[in-house]
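Notes for the one structure printed next.
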Amino acid sequence: MNKVFSRPKSLVDIPFTYCPGCHHGIIHRLIAEVLDEFNIREDTIGIAPVGCSVFAYLFFDCDMICAAHGRAPATATGIKRAKPDNIVFSYQGDGDLASIGTAEIIHAANRGEKITVIFVNNAIYGMTGGQMAPTTLEGQITQTSPYGRDSKTMGMPIRMCELLSTLNTPSYISRVALTKPSYIIKAKKAIKKAFQFQIDGKGFSLVEVLSTCPTNWGLSPQEANEWLDKNMIPYYPLGEFKNSEEVS
Amino acid sequence: MAEKVLMKGNEAIGEAAIHAGCRYYFGYPITPQSELTAYMAKRLLKIEGAAFIQAESEIAAINMVYGTAATGGRVMTSSSSPGISLKQEGISYIACAELPCLVVNMQRGGPGLGSIQPAQQDYFQATKGGGHGDYHLIVLAPSSVQELVDLTIKAFDLADKYRNPAMVLGDGLLGQMMEPVEFREKKNADLPSKEDWALGSCKGREPRKVVPFNLDPYELEKLVAKIGKKFEKMQDEVEYELINMDNPDIIIVAYGTVARVARTTIQKAKQEGINIGLIRPITLYPFPYKIINQYADKVKHILVSEMSLGQMLEDVKLAVEGKTKVSFYGRTGGVVISPTEILQEVKKILK
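If you read the sequences in order, they're chains A and B. The first sequence runs 0 to 247 under numbering that gives the first Met the number 0. The second sequence runs 0 to 350 under numbering that gives the first Met the number 0.
Rendered as structure tokens:
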């Protein structure tokens, strides 16, 4: 009998530590499938962030390093410049990439570092127990916006893909979601493209994945998916923001 | 023998780093060490396979160092006091991950934005850890441009030997002054291979993980204990210079720029019939406690002089164990101590 579905080789065969309904597991799997399909697992160095996905270093079956909070793009830069023949990706949440690490992501993108960034945006701080993120939606209730995010004093949620797309140097910037099978197929394609850009030596690539946090949103996994569709996608439109191949 | 060339301190560090095989530099401009950043740009951007990046911040720079160090590349960053403060989180990560790198601090007056003139006010930060957690840097304190060269090369080797970040602790005066230096033929230090831990391609081996944390307290305790053992071993690396130590009336303990000044004080004092000895620590971590303790038995007075409110002073007192009297003379804020000031202080003490 033909085996049509199995665990990607690039994922270590241990259970994830993520909450039920959280999208980290799907995202890990998609990255691992891409590493398998390109046959680059043995040449890949991954960077785990600070946050729930700090444990990503356990799950990917390639060389991994844990970066300081927000600094993954700088650490990735140091690795890639010393090992230009390796494939380097960072995996970062919204607090990591869009708050404490804003400077690092903007400048790595602007230098056109030949790295791939997977940016997981779930509009909240997960590991610390549900505080406001720079991507938390207006009116959204969190531990540190207990009366809802008030744009008058807390600003508006930051759209990182749009912000980074104002730079000339990044090669590929895309936003995807995972709430439907059709979205997941598109997300996989985007991640694959992002790695393809790096394999071809073309420059900085980033995929933002809209993601759920049922635990800290206080919703069931199904409700969380529905909330993401209804509230996040209208504010964070899906699609490609930058694709240097099409531009040229 | 290599030819002597006249070089500015900051640039000499850069050339020494390249001489030592450093091919990766990440930094951010700050006075009074910016010539070093510029020198590395000039040199490394012309070497194939090397990397120079003017980072967006000192924080980014040290985290780039962390990345390159994890791949086994010989890598450095440099800055001056406020910039070194910004790097501390990254340095702590590098120490926890047991990776080698060089951090150069050409100190300036502090605290805060302070001044841009030379100072020695970062001694505590340099020798006692600096960032969070239990760790030490290997700290070398040059007092001439030639020593900036020699100790930069040595710092890379010690960092590799112990898989621990090393620091060259100079100051704005050493960085700005020019002296003739030579780049001696490199001795092949017997250093451990990086092949068994560096990140890269995992073909034919298990994937490696550089993980500067452990949520299991007992496991983290084991890691901290392992790091602690290295600091015990490092005590073998103690280095110091003894000057005019034949039955002195008083001993001065000073490092770096102040040690230079104290040499002149010794000459001046001789003319007045006062015999001053000098113990100059070259390694600030590990600190030469033993030799200071031995001389504490032989002399009635030790004078510690620093361009600070008295930081190394605490280590000297620990070394002396109350066996003799310890005084202190310091200037801060970027004021360089003069030989006459130290001599006056000596006379006051001996009166």
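Virtual Cβ for every residue (Gly too), placed ideally from N, Cα, C.
Determine, for residue i, whether the minimum Cβ-Cβ distance to residues of chain B falls below 8 Å.
| i | result |
| --- | --- |
| A:Arg70 | yes |
| A:Arg80 | yes |
| A:Ile64 | yes |
| A:Cys160 | no |
| A:Val85 | Strictly speaking, residue 85 of chain A in this sequence is Asn, with Val absent from that position. Chain B, which has a Cβ nearer than 8 Å to the Cβ of A:Asn85, makes this yes. |
| A:Cys61 | yes |
| A:His106 | yes |
| A:Ile44 | yes |
| A:Glu41 | yes |
| A:Thr76 | yes |
| A:Glu32 | no |
| A:Ala223 | no |
| A:Tyr56 | yes |
| A:Pro102 | Residue identity differs from the one stated: residue 102 of chain A is Ala in this sequence, not Pro. So, interface residue. |
Which residue's Cα is closest to the Cα of residue i: the options?
| i | options | result |
| --- | --- | --- |
| A:Ile172 | A:Thr115, A:Leu96, A:Asp228 and A:Ile232 | A:Thr115 |
| A:Ile30 | A:Ile190, A:Pro156, A:Lys201 and A:Thr141 | A:Ile190 |
| B:Gln32 | B:Asp314, B:Leu172, B:Gly129 and B:Arg330 | B:Leu172 |
| A:Pro220 | A:His23, A:Asp60, A:Asp149 and A:Val206 | A:His23 |
| B:Gln145 | B:Val64, B:Lys3 and B:Met75 | B:Lys3 |
| A:Val53 | B:Pro338, B:Leu5, B:Lys208 and B:Ser304 | B:Lys208 |
| B:Gln234 | B:Leu157, B:Lys297, B:Leu190 and B:Val210 | B:Leu157 |
| A:Pro180 | A:Thr16, A:Ile25, A:Glu161 and A:Tyr90 | A:Ile25 |
| B:Ile117 | B:Val252, B:Met105 and B:Glu205 | This sequence places Pro at residue 117 of chain B; Ile is not what is there. Looking at the Cα atoms, B:Met105 is the closest of the given residues. |
| B:Val335 | B:Lys7, B:Met63, B:Val252 and B:Met306 | B:Met306 |
| B:Gln293 | B:Tyr284, B:Thr323 and B:Gly111 | B:Thr323 |
| A:Glu207 | A:Lys187, A:Glu222, A:Gly128 and A:Cys18 | A:Lys187 |
| A:Phe203 | A:Ile117, A:Ala176 and A:Tyr124 | A:Ile117 |
| B:Asp195 | A:Ile78, A:Tyr235, A:Phe15 and A:Asp62 | A:Asp62 |
| A:Val33 | A:Ala75, A:Ala47, A:Ile198 and A:Ser144 | A:Ile198 |
Rounded to a whole number of angstroms, what is the C-alpha to C-alpha distance between residue i and residue j?
| i | j | result |
| --- | --- | --- |
| A:Gly238 | B:Lys193 | 43 Å |
| A:Ser243 | A:Ala108 | 13 Å |
| B:Gln310 | A:Ala67 | 30 Å |
| B:Tyr27 | A:Ala81 | 19 Å |
| B:Lys316 | B:Leu241 | 18 Å |
| B:Asp248 | B:Val319 | 17 Å |
| B:Ile115 | B:Glu231 | 36 Å |
| A:Gly103 | A:Thr211 | Note on residue identity: the sequence assigns Glu, not Gly, to residue 103 of chain A. Each residue's alpha carbon lies about 25 Å from the other. |
| B:Ala60 | A:Ser9 | 30 Å |
| B:Leu198 | A:Thr134 | 33 Å |
| B:Ile265 | B:Ile348 | 15 Å |
| B:Lys346 | B:Thr263 | 15 Å |
| B:Leu342 | B:Lys269 | 11 Å |
| A:Arg40 | B:Pro280 | 49 Å |
| B:Thr331 | B:Ser79 | 16 Å |
| B:Ala96 | B:Phe286 | 24 Å |
| B:Ala188 | B:Pro99 | 15 Å |
| A:Thr43 | A:Phe58 | 13 Å |
| B:Ala54 | B:Gly128 | 24 Å |
| B:Tyr328 | B:Val298 | 18 Å |
| B:Ile251 | B:Gln87 | 31 Å |
| A:Arg120 | A:Pro19 | Rather than Arg, the amino acid found at residue 120 of chain A in this sequence is Asn. Rounded to whole angstroms, A:Asn120 to A:Pro19 spans 17 Å at the Cα level. |
| A:Ala122 | A:Leu227 | 10 Å |
| A:Leu177 | A:Phe37 | 22 Å |
Within the present structure, is the beta-carbon of residue i separated from the nearest heavy atom of the ligand FAD by less than 7 Å?
| i | result |
| --- | --- |
| B:Thr331 | As far as ligands go, the structure on display features none, and thus does not contain the ligand FAD. |
Strictly under 8 Å for the Cβ-Cβ distance: is residue i near chain A by that measure?
| i | result |
| --- | --- |
| B:Tyr23 | yes |
| B:Asn62 | yes |
| B:Trp196 | no |
| B:Pro81 | no |
| B:Arg207 | yes |
| B:Ala69 | yes |
| B:Lys202 | yes |
| B:Ile52 | yes |
| B:Phe155 | no |
| B:Glu218 | no |
Taking its Cβ as the centre, do 16 or more other Cβ atoms sit within 10 Å of residue i, making it buried, or is it exposed?
| i | result |
| --- | --- |
| B:Pro141 | buried |
| B:Glu271 | exposed |
| A:Gln142 | exposed |
| B:His131 | exposed |
| A:Asn1 | exposed |
| A:Tyr90 | buried |
| A:Lys241 | buried |
| A:Phe4 | exposed |
| A:Leu170 | Correcting the residue identity first, residue 170 of chain A is Ser in this sequence and not Leu. Result: buried. |
| A:Asn215 | buried |
> Between the segment 9 to 17 of chain B and the segment 135 to 151 of chain B, do at least 3 Cβ pairs fall closer than 8 Å?
Replying inline: yes
>> Under 8 Å: do the segment 145 to 152 of chain A and the segment 89 to 102 of chain A share three or more Cβ pairs, one atom per stretch?
In response: no
>> With three or more beta-carbon pairs closer than 8 Å as the criterion, would you say the segment 54 to 63 of chain A touches the segment 38 to 50 of chain B?
In response: The segment 54 to 63 of chain A is not in contact with the segment 38 to 50 of chain B.
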